[in-house]
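Encoded as structure tokens, the structure appears first; notes follow it.
Numbering (this note's numbering), first residue to last: 19 to 171.
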């Protein structure tokens, strides 16, 4: 029905699944890809170019950024201190496979979600802002709350 919020569609369910600790399947990613539009894909491509600049700093383009590089390249406008507990817990929340790196695949998921939720964004910066403010930061807060209070149901 057209009255249903997009958060409850396939993309929203995939996001919820990932936040609950599940790993995205290729079918989930395909559903998200199919839901995107060329304008949003162009903005994501711009962000990927910036990502690759940071990724190459370790001499290996492997679609992964160190916590340091991800913070400086993308997260600093939203978290005032790299060493602060909330920033470190936020980075850990994004590190789904606990390897000390942020994967492009995981980050792109939030960009695609933001593009679907906010299809009228004009610039890659605006898309990043929506992804952080309304996707990543709430997910990080949820993860931080879960870590701080593991006995809550």
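All residues carry an ideal CB built from backbone N, CA and C; glycine is no exception.
query, result
"Residue 107, enclosing alpha helix (DSSP H) - first and last residue", "103-112"
"Nearest-angstrom Cα separation, counted from residue 40 out to residue 69", "24 Å"
"Whole-angstrom C-beta distance between residue 123 and residue 108, which should lie under 8 Å", "Actually they do not touch by this definition, with Cβ atoms about 18 Å apart."
"Buried/exposed call for residue 32, threshold 16 Cβ in 10 Å", "buried"
"Three or more C-beta pairs below 8 Å linking the stretch 115-131 and the stretch 59-79", "yes"
"Coarse secondary structure for residue 121, derived from DSSP in three states", "strand"
"C-alpha gap between residue 166 and residue 82, whole angstroms", "27 Å"
"Spatial distance of residue 116 from residue 139 (CA atoms)", "32 Å"
"Start-to-end residues for the beta strand (DSSP E) that takes in residue 79", "That residue, residue 79, is in no beta strand (DSSP E); it is neither H nor E in DSSP."
"Whole-angstrom C-beta distance between residue 146 and residue 88, which should lie under 8 Å", "About 12 Å separates the two Cβ atoms, so there is no contact after all."
"Identified DSSP bridge partners for residue 84", "119"
"Host alpha helix (DSSP H) of residue 149 (start-end)", "142-149"
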